[in-house]
Structures are given as C-alpha cells and as structure tokens.
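Below is one structure; the comments refer to it alone.
Residue numbers (our numbering): 171 to 698.
See below:
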C-alpha cells in the first residue's frame, strides 16, 4: 500500500496549496490530470485551455524536479478516462493509496463530486480549506450572518483592518477607505501606452498548442499568437513589470477604454492569480510597497488592492455562502437567448465589436469592458442569466465559477435582486462615449436617442427601466432616474418601446446545440 494520493486541480498550481501540506515525498503520490470533461462543460476559449494545460505541465515538471512522485495524465493519454472520478479510480486501482487528500475546489459542482468520493472509493477523503485566500469560507459566513444585503465596501474595510493593509494605526492610509472618485478619467489621445510583456514559446507550450489545435478546433477564440505567462517565474515578471511600469497610472485610467488597445494600464495578472501561479498577499504587499516608496499614488494602489483584497475575496465568499440556490434566481425574469454575436463578434455596434473581438483574440477583457459593454448590453436586452454566465465562464482565461458567477449573476444581470449590487449597472451610450473612443467609428450615432441611426444603448436603457419598473422603482437609488422617466412624454416613451422592440426582435440567437466556431485572429475578419 502506498501513502496518500494528493489531487492538484488546474487552478491550484501553488507550492503552498493545502493539499501538499505535510506531504511525504517518499510515499505520497501527486495526481494531476487534463480532462476532456473539464475542458468542455462549457466551450472554453482555446487560449484558456492552452494556458491551463501548459501551466499545469510546467508546474508538474517543477514538482518532479523537487523530488515529488507525480502521476500526470495528459489529455491524449489513451487510458485517460476524461473525468476526476475516473482518474482517481484508475490511480486507486494501480497504487492503492491509504487516503485521498484534496483542497476545496473553486466550483460547487466539483465539491459535490468530492463529497461522494469517500463512499465511492472506500477510503478516507480529506477536503482541506484553500488557505491561499485571505478570507476563509467560514470567516465570510460569520461576517455575513444576519445581514439582509452584503455590501463589499464594508467587507473590504474589515479585510484592510484584519490584514493591516494600507493602514495607519486604526485609520486608513490617506484618511479615507476608497479613492474610486479619482479613478474614473477617460484616456487622453496624447498619452503614451506601455508595452506589456510577451513570453516566448517553449517545448511544453508548443506541444500543448498542437494538442489544443487538434482537439479543440471547434472551440471559440484565437489560439495564436500565444504569449501568456505559464510558469511562476513568468508570472512574477508580469507582476514586477506592472508595478514598475503601469501601476502609477492604473488608478486614474482603470475605467477607460480605447479602440484596439485592450490592455492599457491593467495588470493582466488575474489569470495567473486565479490558477495559483501568484498568491494574493504577495501582490498586495508589492503594490503597497510601491505606495510607501513613492513610486505610485495612493488612488492607484488602493484601487488595485481593492480589486484583490476586497472584490475578489468578497465574491468568493458570497459564492460559497449562497450556492447552489444562488444560481437559480432571476429577479428581472430575463429570458432572451444570448445573441450569436457574443460568439462571432459580428455586429455594427462598434463598442461590442471591439470588446468581442478582443475577447475572442485574447481570452481577456478588462473589468469595465465586461461590466459596462458586454454586461450592460446583456442586462438591457434581458439576456437569460444562465446563457450569459456560460459565455463569461467560457471565454475568459481567468474565469472560474466562484468568481464568474457572482460577478455575472449579481452585478451584470441583477438576477439576485440586489443582494450583491445595490442597483443595476445599467447605462446608456453616453457612458461608453465618455469613457472610450468607440463611438466615433460606430455605424450608430451616440447623440441620437431614437430612430434607425440612434445608438441602441440609448433606447435599450430607457426600455429596460420601463420593462422592469415594477421591480426597480422601489429601489431608492433609482428614484432620480425614475423621476426623469416620469417627466418623459408619451410620444417619446412610445418611440423608445418601438425602437427597442424592433432591435431586440432582430437579434439572431446563438443556438446552444451548435458549438461556436473558431474566430480568426484578425479582428477585421471577426467584424466583417
């Protein structure tokens, strides 16, 4: 009989992962597996699959070089069963471990599998906390207990105090907790944009790219060029370059959007953070040091840290607090199928075409593109929450259900009725015009409110308020907006409803039984 079998998932690529704590290199076996079931339960972006498989293989090589006994199952292994349960069963039969040790997963469906393994395999199964997060599931539950609504801002303040981040004694650095008001500037035309690091292909990544091209050619997204970091050393280089070159201006321009420039001053570390190549506190402390050393201003550093110590920990806590029932709510009764242009990028609305095209090229879009362009459209158009949630989970390299679902279900769709967000994140075309240069190259006129040339966001916004008046009017934060609607004459309201109805009726739905085809790396062909 061997020692323990220790399972490492594809988003647990950290030497500090709890399933490796107290491991014995002489007797224990580490199991890692590339699984068709995990790669296809939604049609994941080809670049996302390649990133994770390459990062997994590099991590396994690192463990092997340190003397660990590794059982690594590649996707094209002829004996690969394709599932977690199948690969554990094969390992148990071949090496007869005395117990199975795992770290809690990032998705409820995988936890449900894990809870059945002890009975299924007839041996002890230990599910350990994921100590890489800064707020345990139990700690978040204590914070949330008795609250009717959970507001991230108050949770964030507790995390700042608890971990001593950007604090001066018992008070926040700079005398206030949140500098978001300083972080909403549009991007000037003259500002020079930084270069982002690109990482060369090695033998492992090249092999993975061939595998993905052969097995997942029908999945969405461009596979090449592939320049993502896939090792811890590359992830650290990406972080260092961000802190040095982009953090000082990140805060001021974090909400800005520019045609053909998907990265701007953003860190691009979310994918390597969420798969485990970086850990949250090392990122936070490096950013904090940039402030204390005078390298970056407080508004930039606080805004960046809030995304990690505040929002990231908050949505993870909410996910585990409320699942699985959370995913079933639909407060606005949104039922419209997802339009096919989410998968193809083909639309005359330039803001959408830009973000879809860049998403399908890069498996990335920054938070304002996700929330106020693709998400805003889904909200205003009444897209079914499960369909838009599956899209976000599929196309972004940093997306796992624990982080994707609360962001999409609660913040994008307002499907939880305000449990996460105090009001819907809805906006007309004027917001996109103010924060980007998209509108100047659009077939529609952002200044027109109704009619065939009007920006669809304009009439969809007011139509959304009219359609959902019964739910939203009682929200105090919507009172000014509904006051404006009340002053609108009947003729204008009728024009809005007519234009919105015609536009929405002409949307071509994506057919879920037909997998989305690959999109060219050429943005122009994606929008032809």
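Heads up, the beta-carbon is just placed ideally off N, CA and C, and yes, glycines get one too. Model, not experiment: these values are computed from the prediction.
Check your understanding: Is the CB-CB distance between residue 665 and residue 276 below 8 Å?
Key -> no
Check your understanding: Taking the Cβ atom as the reference point for each residue, do residue 599 and residue 628 lie within a distance shorter than 8 Å?
Key -> yes
**Study point:** Residue span of the alpha helix (DSSP H) that contains residue 414, given as start and end
**Key:** 402-415
Review point. How many angstroms separate the CA atom of residue 330 from the CA atom of residue 478?
Key: 11 Å
Check your understanding: Per DSSP, residue 200 is paired with what?
Key -> 176 and 240
Check your understanding: Who are residue 615's beta bridge partners in DSSP?
Key -> 624
Check your understanding: How would you call residue 228, buried or exposed, if buried means at least 16 neighbouring beta carbons within 10 angstroms?
Key -> buried
Review point. What three-state label does DSSP hand residue 219 in the structure shown?
Key: helix
Practice item. Work out the CA separation of residue 673 and residue 602 for me, nearest whole Å. Key: 19 Å
**Study point:** Status (buried if at least 16 other CB within 10 Å, exposed otherwise) for residue 617
**Key:** Within 10 angstroms of the beta-carbon of residue 617 lie fewer than 16 other beta-carbons, which makes it exposed.
**Study point:** Span of the beta strand (DSSP E), counted from its first residue to its last, around residue 330
**Key:** Premise fails: residue 330 lies in the alpha helix (DSSP H), 322-333, not in any beta strand (DSSP E).
Review point. Can we say the region 490-498 touches the region 359-374, given the rule of at least three CB pairs closer than 8 Å?
Key: no
Practice item. Indicate whether residue 369 and residue 322 have their beta-carbon atoms separated by less than 8 Å. Key: no
**Study point:** Close beta carbons around residue 240, own chain, < 6 Å, minus the five adjacent residues each side
**Key:** 200, 230, 233 and 234
Check your understanding: Can you pull the DSSP bridge partners for residue 509?
Key -> 679
**Study point:** Alpha-carbon spacing of residue 708 relative to residue 195, whole angstroms
**Key:** Missing from the structure shown is residue 708; the chain here goes from 171 to 698 and no further.
Review point. Does the beta-carbon of residue 464 have 16 or more other beta-carbons within 10 angstroms, so that it is buried, or is it exposed?
Key: exposed
Practice item. Check whether the region 296-311 touches the region 174-191, counting contact only when three or more Cβ pairs, one atom from each stretch, lie closer than 8 Å. Key: yes
Check your understanding: Taking contact to mean at least 3 C-beta pairs separated by less than 8 Å, is the region 470-477 in contact with the region 562-580?
Key -> no
Check your understanding: For residue 677, which of 388, 501 and 509 has the nearest alpha-carbon?
Key -> 509
Check your understanding: Where do the ends of the alpha helix (DSSP H) carrying residue 295 lie?
Key -> Unbroken run through residue 295 is the beta strand (DSSP E), 295-298; no alpha helix (DSSP H).
Check your understanding: Between residue 198 and residue 173, is the Cβ-Cβ spacing less than 8 Å?
Key -> yes
Exercise for review: May I have a chain-ordered list of the alpha helix (DSSP H) segments no shorter than 4 residues that lie completely inside the region 448-529?
Suggested key: 450-462, 468-475, 483-492 and 511-514
Review point. Looking at C-beta atoms only, is the number of pairs between the region 392-411 and the region 214-221 that lie closer than 8 Å three or more?
Key: The region 392-411 makes contact with the region 214-221, as at least three CB pairs between them are under 8 Å.
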